[in-house]
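Peer 1: Please read through the structure below; I'll follow up with questions.
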Amino acid sequence: MIETPAHMRAQPAVGMLPPLRTPSTIQFTLGNGLEVVAIARTVAPIVSASLMLRSGADSDPPGREGLASSTAEMLDEGAGTRTALEVAEELEQLGADLYVGAGRDGSQLTLQVPSKELERALAIAADVAIRPRLTDEDWARVQHDRLTSLAQRRDQPEAVANVLSDRTLFGVGHPYGHPVDGLERTVSPMVAADARGFHQQIWRPNNATLVLAGDFDAATLPAVLERAFGGWEPRAIPASRPTPPFPALPRLVMVDRPGAPQSIIRIVGPGEIRTSPDRPALGALNAILGGSFTSRLNFNLREQKGYTYGAGSSFGFYRRAGSFTARAAVFTEVTAPAVAEFLREIAAIREAPVTPTELTKARATLLGRVAEGLSTSGGIAAQYAELRLYGLPLDEPARFVAALERAGVEELQRLAQRHLDPDRMAIVVVGDRAVIEKPLRDLGLPAPLVCNADGDLLRA
Amino acid sequence: MRKIPFEKFVLPNGLTVIFHEDRSSPLVAVNLWYHVGSKDEEPGRTGFAHLFEHLMFMGSKNAPYPSFDSIMESWGGHNNGTTSNDRTNYYEIGPTNLLETCLWLEADRLATLADVITEEELERQRKVVQNERRQSYENRPYGQSELVIPDAMYTADHPYHWPTIGSHADLEAAGVADVRAFFERYYLPSNASLVVAGDFDFAAGRALVEKYFGWIAKRPAPARRTPPPTVLDGNREITLTDRVQLPRLRLCWHSPPLFARGDADLDLAAQILGGGKSSRLYKSLVFERRLAQDAFAYQSSQMLGSLFHVGVTAKPGVTLEQVQKAVDEELQLFASKGPTDAEVERARNSHLADYYKSLDHLQTRADILNHYEHLFGDPDGVDRDLARYEAANPSSVRGELAATIARSHLALRTVPDGTAAPTDAHPEAA
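Chains as they are written, first to last, in the working numbering: chain A, 33 to 492; chain B, 16 to 445.
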């Protein structure tokens, strides 16, 4: 055995972690009510921008699930004076990346561009957001691509597990019960007029925040943005839909994937709203359970048992109460023992308090993530856009870190008892039914509800 | 503005050290490259370089498992590693006062890993890696192609003949003796380069690097391998079945190695042919003719030889023969008439802009410095790198693409195996 010098034998002292350093922000509002947040950062000669609209798939009309996403993805298929291909070519000429998409609660246009081309790229972005062409011809083409990709989603076991989890947890008719990109049967009846109508209603300056982070000229920025976005007209935004209660959860739901070498496991239960004061403590609780590499779930299922490449968990915090999800892709043969370990670990964290060492580590891990997230232009734009989506103040990262420091082991246990009841969660599995059903039943689980890859219940 | 400022020095034991300063956030990134990849594996031990990367987190003499990950997360940092054909890298990022700990952890495993690794630890990571293979390739649509392409494109005596993830049989065969031999041969200061980037003082940083790495013995660096020539004796056709809805065609040609003449031209050719919505294949096959759901092209540049790839997924009802015919037309048109000035300019702008965007993240800058050091023995590689794109013109791009596709190729077809979930199979409720 090699001899190591004395100074190698113990970890060096680390000392106090540096306090969170948050960037200073410039805030102003354009004449049409568009809120602007700008953060100067000169490390790289680029600007990252995010135009966040406060309406997403939760605003999809019943029967037209997927409309927010379909609309967003159509916006750059021809805008202002440019055809679809001209938009793509001009962005490439500028070296700009522009994406438009929808999430559960918001729709978003993101842009990343070398600083010297910022104004020209913003002009295209403004056309895309404000003046999309949305022609019948472009719509027909893109809709066909989308329907094909919805069919292809059935090939992807992780995506199938996501569809099934949301449908199981929230239920049909809940604003979060359908996949953001919709289902074949809800997208196929859509017509271009649906997208035009949705865009007219939702894509409005009074429903949006524009965040820019990077190397820009702060002195001229208000005038540059007024030129690009000043012609955008505000309009009253329709009220959002009411939120139905969580449905009663089935215990075991399955999609059969004959011959699959792995099973995708999701254990799902109700979560919390984004603005919940419990979010920092729930974040710490989750970091200990499954939200970090050395978390209990990953250490047990990956490092000790070798069942998976990675096991984890997360809370999804949204405008309406979201989800708790524990997840892993495991060897088919160990599906049932893996499910048993998930349930055991979830039960354990509510039955006994976490250790002070675990809590200290969780605080440091989350502080490190916030700090690193604020160390790039892209990360800053994404984080601040998300804050404004939920109406949160810009000092929220500092408040989050301060609240983490206050959260104690008793509070975490109280939250675990309220939010993490393994007996009341649904177990969702996408895998080889012929191999995994009996061992799962032998755990004492009931017969599974068996669904197809879109989450529709199959007849027995 | 585009250069990443740095200072470089070499320790007496051969470790190359590169410092980069960035005071914008109280963070430090440590980025350590070993000049060893799956190309250095022995026959019957494919996947070993990557398995070894996993073992590097299984504890060292003074930081027993699971200290590495646990210490990093306890102080607000995180870490990982990646393995390619050509190199293995390890990185940490965290608050600036974790720098000394990161250096201690990296040095301890470089000095002692083979002494402490056990059969049990190897067995556990073997299972993790086998799950990674299933998750990333076997249970992913079209994922098997990535396992087949190296086998089809390179002869058995070429170090790129197998995928980095390796085969299950070879992973099963690996033992602790292999770990020791691999460690002895490749994990030495003179076969590595260390970048430290971020909010730290260079003089203090140098003292720390000397303290933790300086005592490790000097050993001669291994010779780099010289591969046999990469030629394909005639076109190859392979058909795979997979659990997919739509068939996909992949075409692969041998192309010039990373940084050899033609490599950058082929990057631009790939961007013009298949880089997004402004590309020719997208315009023709997806947008206008509606034959394809997606189309892509890329030059996968590697040190011992590159591959030029084209891939197209057929629309429902379209055959791969129709797709292949349409792709051939586009390739022949490109090879005969070449791209326009405007196309080359757009592709070049896009490439240069990608470089500027990559400077946003501290860890990526550290990785770029190590990339150039790995290739040139000099971290100051950006001008040399980007000048290739600035010098490219329609004639050079046309010529390199024409020369590439004149070589024999692999046509790999993935076709549905018939088990993919059909549309609306007996739904109970709409």
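Yeah, the Cβ is synthetic: ideal placement off N, Cα and C, and Gly gets one too.
1) Which of the three DSSP states is assigned to residue 429 (chain A) in this structure?
2) From residue 530 (chain A) to residue 308 (chain A), what distance separates their C-alpha atoms?
3) Roughly how many angstroms lie between the CA atoms of residue 375 (chain A) and residue 285 (chain A), to the nearest whole one?
4) Residue 474 (chain A) versus chain B: which residues are under 9 Å apart at the beta carbon?
5) Could you tell me whether the Cβ atoms of residue 334 (chain A) and residue 143 (chain B) are closer together than 8 Å?
6) What does a CB cutoff of less than 6 Å around residue 385 (chain A) pick up in its chain, not counting 5 residues either side in sequence?
7) So residue 361 (chain B) contacts chain A; which residues on that side make the cut at Cβ distance below 8 Å?
8) In chain B, what lies closer than 7 Å to residue 341 (chain A) by C-beta?
9) Name the two residues that bound the continuous alpha helix (DSSP H) containing residue 165 (chain B).
10) Buried or exposed for residue 35 (chain B), going by 16 or more other Cβ atoms inside 10 Å?
11) In whole angstroms, what is the alpha-carbon distance linking residue 245 (chain B) and residue 268 (chain B)?
12) On the premise that residue 30 (chain B) lies in contact with residue 243 (chain B), defined as a C-beta separation below 8 Å, what is that separation, rounded to the nearest angstrom?
13) Taking the beta carbon of residue 116 (chain A) as the centre, do at least 16 other beta carbons fall within 10 Å, making it buried, or is it exposed?
14) Taking the alpha carbon of residue 239 (chain B) as the reference point, which residue from B:219, B:201 and B:216 has its own alpha carbon closest?
15) Note down, in chain order, every chain B residue with its Cβ under 8 Å from the Cβ of residue 335 (chain A).
16) Excluding five sequence neighbours on each side, which residues of the same chain lie with their C-beta closer than 7 Å to the C-beta of residue 331 (chain B)?
17) Compare the Cα-Cα distances from residue 99 (chain A) to each of A:283, A:361 and A:221 and report the closest residue.
18) For residue 312 (chain A), collect the residues of the same chain with a Cβ closer than 7 Å to its Cβ; drop the 5 residues on either side in sequence, then sort them by chain order.
19) Would residue 261 (chain A) be called buried (16 or more neighbouring beta carbons within 10 Å of its own) or exposed?
20) Taking residue 162 (chain A) as part of the alpha helix (DSSP H), name the residues at either end of that continuous run.
21) To which residues of the same chain is residue 45 (chain B) closer than 6 Å at the C-beta, ignoring the five residues directly before and after it?
22) Restricting to Cα atoms, I'd like to know which of B:365, B:356 and B:404 is closest to residue 275 (chain B).
23) Smallest Cα separation from residue 78 (chain A): which of A:489, A:412 and A:483?
24) Please compile the residues from chain A whose C-beta is within a distance smaller than 8 Å of the C-beta of residue 154 (chain B).
25) Could you run through the segment 379-399 of chain A and flag, in chain order, every residue whose CB is less than 9 Å away from some CB of chain B?
26) Along chain B, in chain order, which residues have C-beta atoms closer than 7 Å to that of residue 408 (chain A)?
27) Go ahead and pull the three-state DSSP assignment for residue 180 (chain B).
28) At 4 residues or longer, and completely inside the segment 257-297 of chain B: list those alpha helix (DSSP H) runs for me, N to C.
29) By DSSP, does residue 359 (chain A) sit in helix, in strand, or in coil?
30) Using CA atoms only, rank isn't needed, just tell me which of A:214, A:390 and A:83 is closest to residue 323 (chain A).
31) Using 8 Å as the limit for Cβ to Cβ distance, is residue 33 (chain B) near chain A?
32) So, with DSSP's three-state summary, where would you put residue 14 (chain A)?
33) Taking Cβ positions only, does residue 184 (chain A) come closer than 8 Å to chain B?
34) Within 10 Å of its beta-carbon, does residue 277 (chain A) have 16 or more other beta-carbons around it, so buried, or fewer, so exposed?
35) Skipping 5 residues on each side, what residues in its chain have a beta carbon closer than 6 Å to that of residue 295 (chain B)?
36) Listed in chain order, which residues of the segment 94-115 of chain B have Cβ atoms closer than 7 Å to some Cβ of chain A?
Peer 2: Taking the structure as given:
1) helix
2) There is simply no residue 530 (chain A) to check, as chain A begins at 33 and stops at 492 in what is shown.
3) 15 Å
4) Within chain B, no residue comes near residue 474 (chain A); the closest Cβ sits about 23 Å away, beyond 9 Å.
5) With contacts defined as CB atoms closer than 8 Å, residue 334 (chain A) and residue 143 (chain B) qualify as a contacting pair.
6) 441 and 445
7) 121, 124 and 125
8) 143, 146, 147 and 150
9) 159-168
10) buried
11) Spanning the two alpha carbons is a distance of roughly 10 Å.
12) Incorrect: roughly 32 Å between the Cβ atoms, too far for contact.
13) That one is buried.
14) B:201
15) At a beta-carbon threshold of 8 Å, the residues of chain B lying near residue 335 (chain A) are 81, 139 and 143, ordered along the chain.
16) Cβ within range, chain order: 261.
17) A:221
18) 432, 435, 436 and 439
19) buried
20) Unbroken alpha helix (DSSP H) run through residue 162 (chain A): 150-162.
21) 107, 117 and 211
22) Among B:365, B:356 and B:404, the Cα nearest to that of residue 275 (chain B) is on B:404.
23) Cα-wise, what sits closest to residue 78 (chain A) is A:412.
24) 189, 292, 293, 294 and 361, listed in chain order.
25) Residues passing the 9 Å Cβ filter: 389, 392, 393, 394, 395, 396, 397, 398 and 399.
26) The answer, in chain order, is 375 and 376.
27) coil
28) 278-289
29) strand
30) Nearest of A:214, A:390 and A:83 to residue 323 (chain A), Cα basis: A:390.
31) no
32) In this structure chain A extends from 33 to 492, so residue 14 (chain A) is not present and cannot be described.
33) yes
34) Here residue 277 (chain A) is exposed: its Cβ has fewer than 16 other Cβ atoms, across all protein chains shown, within 10 Å.
35) 288 and 345
36) 108, 109, 110, 111, 112, 113 and 115
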